[in-house]
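Take a look at the structure below.
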Amino acid sequence: MTRAKTPAPASADTTGRRRANWFPVAAAVFCCGWGGNQFTPLLIMYRGAGYSAFTVDALLGAYVVGLVPGLLLSGGLSNRYGRKPVMLLGTAASLLASVMLALGGLGVGWLAAGRFVTGTAVAVAMAVGSTWVKELADLDPASAPDLGTRRAALWLTLGLGIGPGAAGALAQWGPWPMVLPYLVHVALVGAALAVLPFSPETRTTARRAAPRDGSRSRTRAAGTVGGTRHPRFRRVILPMAPWIFGSLGVAYAIMPEIVDDKVGSWSLAYSTLLTVCAIGAGVGIQPIAKRLDRTTSARAVVVAMTVMCAGLALSAVAAALRSPWLALATALVLGTAYGIAIVSGLLELQRMARPAELAELTGIYYALAYVGFLLPSALAALSRVASYAILLSALAVIALAGTAVIARHSRRHLPEPPALSL
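Per the numbering used here, the very first residue in the sequence shown carries number 223; after that it's consecutive.
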């Protein structure tokens with residue numbers, strides 16, 4: 223009788239490669255995040271160079287115009303063609319965008335085009351890159367179920383924070399302030415593009431994991447719905463999502479403007495400081511945000527919104543007193559709220575999404591989050607009829623109402639844990 227052979231265990235080298243195959247994708251996500259936010263602290267520089275406030279606001283709008291369609295479309299494209307080709311195109315777009323921005327001295331059209339392409343690149347990183355990092359983590363049986371989600375959020379946040387810090391420092395103290403920050407980003411993206419093809423494709427794995435007969439996973443009871451129609455998406459995710467980037471908009475767009483005359487010639491460096499502190503607080507709090515998460519409630523989302531309300535209330539006080547120190551404290555509190563919110567929202571999303579819809583739902587989630595990016599422009603327009611102190615106080619009240627809605631539905635419509643992983 224022939225004895226059946228026992229499969230040999232995976233070697234340590236194979237296991238190590240499997241655990242490291244997410245890093246090139248995370249690096250690409252980091253670079254796209256860097257490119258998305260490097261323009262933010264330079265707004266004051268462009269205004270000082272003679273660009274009108276309307277032109278600068280239009281450049282910000284061009285970013286959102288590229289971002290939202292990219293978020294809504296890139297997830298579906300990656301489901302059809304694979305994560306790798308879409309992410310490669312998105313990362314290449316980030317490099318192209320910085321080249322366009324570096325050519326901004328030739329005309330404002332180059333800046334507008336660069337901002338539009340930047341938005342598209344960030345959208346791909348958020349919707350496709352984040353999903354790819356999660357799927358690669360799921361391939362390692364030794365990893366925690368939420369490890370990939372936390373990795374994706376962390377590397378995106380690092381890019382969003384380090385990018386403006388580096389760009390602001392180079393513009394303040396380096397040569398060629400309107401060119402050098404973008405050339406540094408071009409070099410980083412080039413390195414990421416060189417290693418990105420070595421990460422394995424995961425979309426085929428996800429397709430095989432789905433039921434072949436088209437039926438739903440056995441964890442989905444008859445009559446239940448997923449995606450944006452899920453009650454938990456509408457009553458927990460939706461009231462929270464716009465505050466994710468709305469909080470950052472208040473921290474590093476509104477606060478520097480309020481205290482601009484108090485910091486004098488250091489306005490660019492101060493704006494950079496607020497941006498770095500807000501994002502840095504978001505990065506630092508994310509390990510704690512994971513511990514706050516519960517599968518039995520929306521506790522982490524409620525905590526994020528509570529901190530958000532406190533930060534908005536503090537921003538109103540800072541606006542009334544026009545204090546740079548209170549503005550800095552506001553950036554730290556709102557950045558903390560951002561860090562908890564982005565992770566807790568993604569974890570909620572991961573539990574309610576079917577495997578085949580995760581990338582698209584992530585794109586929708588980030589599109590809703592970026593609605594908050596328009597908040598500074600709205601506040602600037604309304605500041606003609608009311609002071610920033612009043613407007614920010616009103617925002618705190620609105621956020622408090624949203625927190626009450628989320629807390630009321632914290633334990634309702636909880637999705638069952640998925641039976642099949644990607």
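From the three backbone atoms N, C-alpha and C, an ideal C-beta is built for every residue, glycine too.
By alpha-carbon positions, which one of the options ends up nearest to residue i?
i	options	result
V278	G270, V286 and L265	L265
G508	S320, A374 and A343	The sequence given here has Gln at residue 508, not Gly. For the residues S320, A374 and A343, the minimum Cα distance to Q508 belongs to A374.
G585	Q260, T558 and S296	S296
Y587	S352, G304 and K306	S352
F252	E570, M400, F595 and W377	W377
L328	Y303, L369 and M400	M400
V529	P546, A503 and T371	A503
T494	P263, G255, I620 and P246	P263
F420	A248, L543 and G331	A248
W244	A335, C254 and W354	W354
G370	I620, K356 and I480	K356
P307	L536, G390 and T424	T424
C254	V406, P478 and L613	V406
G468	L614, P291, H631 and G270	L614
G381	R573, A538, P422 and A250	A250
Provide the residue span of the alpha helix (DSSP H) that contains residue i, from first to last.
i	result
Q508	S489 to L514
G625	Sequence inspection shows Thr at residue 625; the Gly mentioned does not correspond to that position. Taken as a continuous stretch (DSSP letters only), the alpha helix (DSSP H) holding T625 covers Y610 to R630.
P546	P546 to M574
I480	M477 to I480
M309	R305 to A324
N243	Looking at the DSSP string, N243 is not in any alpha helix (DSSP H), and its letter there is neither H nor E.
R456	Careful: R456 lies outside any alpha helix (DSSP H) and carries neither H nor E.
E357	S352 to D360
M530	R521 to L543
V472	Note, V472: premise wrong, no alpha helix (DSSP H); not H, not E.
Could you round the C-beta distance between residue i and residue j to whole angstroms and report it? I think they count as a contact, below 8 Å.
i	j	result
A540	L548	4 Å
G383	V498	6 Å
A349	L293	5 Å
V505	G471	18 Å between Cβ atoms; not a contact.
Y268	T340	Not confirmed; about 15 Å, so no contact.
S300	A581	5 Å
A629	V524	5 Å
G336	N259	Between N259 and G336 the Cβ distance is about 14 Å, and since that is not below 8 Å, they are no contact.
P461	V627	5 Å
P464	G594	4 Å
T480	Y610	First, the amino acid is wrong: residue 480 is Ile here, not Thr. About 6 Å; that satisfies the 8 Å criterion.
How about residue i and residue j: are their beta carbons less than 8 Å apart?
i	j	result
L415	T552	no
L490	A393	yes
A500	G557	yes
L323	Y273	no
W256	L410	yes
C531	A473	no
S316	A334	no
A559	A526	yes
L571	I459	yes
V485	P397	no
V290	A563	no
Put residue i into one of helix, strand or coil per three-state DSSP.
i	result
S605	coil
Y588	helix
Y273	coil
F467	helix
V401	coil
E423	coil
Q260	coil
H407	helix
G383	helix
P363	coil
A444	With a pLDDT of only 34 at A444, under the threshold of 50, the placement of this residue in the model should not be trusted, and no figure is reported.
G594	helix
G329	coil
G396	coil
For residue i and chain E, any beta-carbon pair shorter than 8 Å?
i	result
A324	Of the chains in the structure shown, none is chain E; there is only one protein chain.
Just checking residue i against the ligand ADP - is the residue's beta carbon closer than 7 Å to any of the ligand's heavy atoms?
i	result
I564	What this structure holds is no ligand at all, so the ligand ADP is not there to describe.
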